[in-house]
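Visitor: Protein chains in written order, with this note's numbering: chain A, 1 to 363; chain B, 1001 to 1363.
Protein chains: 2
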Amino acid sequence: MKRRDFLKVSAAGAAATAVASPAIAQSSPEVKWRLTSSFPKSLDTIYGGAVEMAKYVAEMTDNKFQIQVFAAGEIVPGLQAIDAVTNGTVEVAHTAGYYFVGKDPTFAFGAAIPFGPNQRQQWAWFEEGGGNQLYDEFLKKYNLKAILAGSTGTQMGGWFRSEIKSLAEMSGVKMRIAGLAGQVMQKLGVIPQQIAGGDIYPALEKGTIDAAEWVGPYDDEKLGFYKVAKFYYYPGWWEGGVSLHVMINTEKWESLTPAYKSILQQAAARALLVTQAKYDALNPKALKSLVANGVQLRPFPQDTLKAAYKASHDVYAQISAQNADFKKLYDSQTAFRNDEYLWWQVAEFTYASLMIRAARQRG
Amino acid sequence: MKRRDFLKVSAAGAAATAVASPAIAQSSPEVKWRLTSSFPKSLDTIYGGAVEMAKYVAEMTDNKFQIQVFAAGEIVPGLQAIDAVTNGTVEVAHTAGYYFVGKDPTFAFGAAIPFGPNQRQQWAWFEEGGGNQLYDEFLKKYNLKAILAGSTGTQMGGWFRSEIKSLAEMSGVKMRIAGLAGQVMQKLGVIPQQIAGGDIYPALEKGTIDAAEWVGPYDDEKLGFYKVAKFYYYPGWWEGGVSLHVMINTEKWESLTPAYKSILQQAAARALLVTQAKYDALNPKALKSLVANGVQLRPFPQDTLKAAYKASHDVYAQISAQNADFKKLYDSQTAFRNDEYLWWQVAEFTYASLMIRAARQRG
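1. Quick one: which residues of the region 227 to 247 of chain A get their C-beta closer than 8 Å to a C-beta of chain E? List them in chain order.
2. Given a cut-off of 8 Å, decide if B:F1336 and B:W1125 are closer than it, judged by their beta-carbon atoms.
3. Excluding the 5 residues flanking B:I1319 on each side, which residues of the same chain have their C-beta closer than 6 Å to its C-beta?
4. Against chain A, with Cβ distances strictly below 8 Å, would B:E1254 count as a contact?
5. Below 9 Å on C-beta distance, what does B:E1059 contact in chain A?
6. Any beta carbon of chain A sitting closer than 8 Å to that of B:S1312?
7. Once the 5 residues before and after B:A1138 are set aside, which same chain residues still bring their CB inside 6 Å of it?
8. With DSSP run on the structure shown, which of helix, strand or coil describes B:T1061?
9. Is it buried or exposed, A:A146, if we count other Cβ atoms within 10 angstroms and call 16 or more buried?
10. Using the three-state DSSP reduction, which class does B:I1248 fall into: helix, strand or coil?
11. Does DSSP put A:I75 in a helix, in a strand, or in coil?
12. Here's a check: name, in chain order, each residue in its chain whose Cβ is nearer than 6 Å to the Cβ of B:K1008, leaving out the five neighbours to either side.
13. So that I know if they touch, is there some Cβ in chain B lying closer than 8 Å to that of A:V69?
14. State buried or exposed for A:P22, treating a residue as buried only when at least 16 other CB atoms are found within 10 Å of its CB.
15. Identify, in the order they occur along the chain, each residue of the same chain with its Cβ nearer than 6 Å to the Cβ of A:N177, setting aside the five sequence neighbours on each side.
16. Scan the region 183 to 225 of chain A and note each continuous beta strand (DSSP E) run of 3 residues or more that stays entirely inside, going in chain order.
17. Beta-carbon within less than 7 Å of A:G189's beta-carbon, same chain only, minus the 5 sequence neighbours each way: which residues are those?
18. Hey, B:S1243 and B:A1111: beta-carbon distance below 8 Å or not?
19. Using 8 Å as the limit for Cβ to Cβ distance, is A:L180 near chain B?
20. With 8 Å set as the bound, which would you pick, yes or no: does the beta-carbon of B:T1045 sit closer than that to a beta-carbon of chain A?
21. What do you reckon, are the CB atoms on B:T1086 and B:Y1135 nearer than 8 Å?
22. Could you tell me whether the region 254 to 270 of chain A touches the region 203 to 220 of chain A, using the rule of 3 or more Cβ pairs below 8 Å?
23. Does the beta-carbon distance from B:T1350 to A:Y234 come in below 8 Å?
24. Below 9 Å between beta carbons is the criterion; list the residues of the region 206 to 230 of chain A that meet it against any residue of chain B, in chain order.
25. State yes or no: is the beta carbon of B:P1022 nearer than 8 Å to at least one beta carbon in chain A?
26. Give a yes or no on whether the minimum CB-CB distance between A:D62 and chain B is below 8 Å.
27. Give the single residue among B:P1077, B:K1103, B:A1108, B:I1067 whose Cα lies nearest to the Cα of B:G1092.
28. By a C-beta neighbour count over all protein chains shown, 10 Å radius and 16 as the cutoff for buried, is A:L273 buried or exposed?
29. Could you pull the DSSP bridge partners for B:H1313 from this structure?
30. Can you check whether the C-beta of B:A1025 is within less than 8 Å of a C-beta belonging to chain A?
31. In angstroms, rounded to a whole number, what distance separates the CA positions of A:F70 and A:W33?
32. Using beta-carbon positions only, say whether B:S1332 and B:G1129 come within less than 8 Å of one another.
33. Counting C-beta neighbours from all protein chains within 10 Å, is the total for B:L1287 16 or more, i.e. buried, or is it exposed?
34. Using a C-beta cutoff of 8 Å, does B:D1280 count as contacting chain A?
35. What are the start and end residues of the alpha helix (DSSP H) that includes A:S262?
36. Would the region 1244 to 1264 of chain B count as touching the region 44 to 62 of chain A if we require 3 or more Cβ pairs under 8 Å?
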């Protein structure tokens, strides 16, 4: 063999090795990501969902794929979480889409819109009703890919310093409420206020605001609102079912192996299940404790709900006329929601209804 | 170096290799399992859940962990699925616990008991209310480890050839219904019949039975019951939320690496989410189609529900007095259920209630 031929063979051999070796390495490469949460650690259920997800990913990959979770403010403030992903500062955020309606109201469909589907219906829309595809298509503009990774169920309507007995009494109420719900509330005469979680309590205590909404019994009790506002309204008609997502930088997503993509998907699904289970397990205890502390539970007055329903759909018509993305997701989710409630009223609702009657009879 | 020393060194080297190499191999060993489903392929939503789970497991491991799914009857009949796992014929089954109440009524808590928690509440009990631990503790006797891997939501109450207007009219009705629900129905005067899925239609057509329950609109429509029994009752109070599990041979489970255990857990969680989403997405369309085909929807009469509620709790008291395992799971799940409905009536139920009213007003 001439030396030249030998080199050719070697080169071919090396090339073959070069092909084979990345194929092995690729199946479980070392990947380290940083996740910025929109939530503080004190929201242990929601914030904890990202921690759970990261734990599952590490377990499934023998720690080769590691996601380090940072609370809101540790890298960027909670409401800048997706900007940090879009521009590549971090690989992934854990957040609620409706925090970003200021950029585009279409973001809201990732979390909740007033009078939207309930939690299970919303999951069904994402998974089997085209929601995931439509949301991802919209998010491409922001260089983001979303995966469902948490939920809260129906939230509460919030804390009021004075009792509200009719729609007329909503007029002039200064309420901490943001996003699309704030726009709807404004149509009811409410003066919506944007206040960060940690600043709600002092504002409510001083009377700078008259009302505030947060999440539900478990999270609300920890912030102590019941000490300064006795009336706790329900339901949170603007949050009939709230979903959270991990939002991933699309290039970073595409850089993952097929196995790692799947691992992230399944870990997020389990985080969704666990987060919802935690809320469902913790809220009853917190509700009992709040009532024992003198909290007055009140349903929103019927005229308020009716007006809010109409105002919400007016807002949707206005936005849809100007925003094709919003219209596309709204039309899809609303058609799905309408079908869902036709079915829900038959089996799920009548079952819940009879079980609640039985619970009341047990006392 | 003497030849003997050389051999010693070689042996040490070989030992070192033997230690290092399994450590690498162990992180993603080749594993091939067979899964026997209790369901026929025609139940595409439920049967499909196991197929989805197997797909995720394969994706996440680059096909190194493969689970081959067999429909009911391909290896063993559907109702012998767990026997095949207990005795090691196959590694894993996909099934509903209540199929095995003949062995022990405690199995029912894995799927559903009459007037139990609804679907989301049941998940919360499994994940955060101690249900998983209690169920696994019970299943040890059968050499089984269970993981939640599918659900249906509230099922329908079934198909009746004649209208039932009161409890008195339930007396003497021959109904295809099994398990604990069959025992309760018997206390209402019903004559419960055990008939396999494929044999229900001819029995209902010939009038050998007067009524039959199966699942819900999507699955029921495919079996064509509406052609031979016009009255479709709701809700299925014996199946307020039905869960499915993969049940794994405990030695096979323990033989998995920690990564593979986690992979199976997360894949099952996603299968749960996807199966429920499919039911929630498919049932509304099927319900509309059934109604268009002349099906008469009927709620169970109030006196029937009341009597059934009482009879169920009588049955539970009887079994609890004799069966410590049943009592342990019953006490845990019932306390959890009672707390859940206290909370459910506030936010979730009033939200569903107002959305259903709005749906009716839209027409």
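Ideal Cβ positions, reconstructed from N, Cα and C, are used throughout, including at glycine. Just so it is clear, the structure is predicted and the values come from calculations on it, not from any experiment.
Guide: This is what the structure gives:
1. In summary, chain E is missing from the structure at hand, where the protein chains are A and B.
2. yes
3. P1105, F1326
4. no
5. P258, A259, K261, S262, I263, Q265, Q266
6. no
7. According to the sequence displayed, residue 1138 of chain B carries Phe and not Ala. Excluding sequence neighbours, B:F1138 sits near T1106, D1325.
8. coil
9. buried
10. strand
11. coil
12. Reliability fails at B:K1008, whose pLDDT of 44 lies under 50, so the model's placement of it is uncertain and no value is given.
13. no
14. The pLDDT assigned to A:P22 is 38, lower than 50, so where the model puts this residue is not dependable; a value taken from the coordinates is nonetheless given after this. Exposed: under 16 other Cβ atoms inside 10 Å.
15. Residue 177 of chain A is actually Ile in this sequence, not Asn. Once the five neighbours on either side are set aside, the close Cβ partners of A:I177 are M185, P192, E213.
16. 191 to 193
17. M170, S171, G172
18. yes
19. no
20. no
21. no
22. no
23. yes
24. G216, P217
25. Note that B:P1022 has pLDDT 38, beneath the 50 cutoff, so the model's placement of it is unreliable and no number is given.
26. yes
27. At residue 1092 of chain B the sequence reads Val, which differs from the Gly that was named. Nearest C-alpha to B:V1092: B:I1067.
28. buried
29. Looking at the DSSP assignment, B:H1313 forms no beta bridge with any residue, so it has no partner.
30. At B:A1025, the pLDDT of 43 sits below 50, so the modelled position is not reliable; the number obtained from the coordinates is stated separately. No, its Cβ sits nowhere closer than 8 Å to a Cβ of chain A.
31. 11 Å
32. yes
33. buried
34. yes
35. 258 to 292
36. yes
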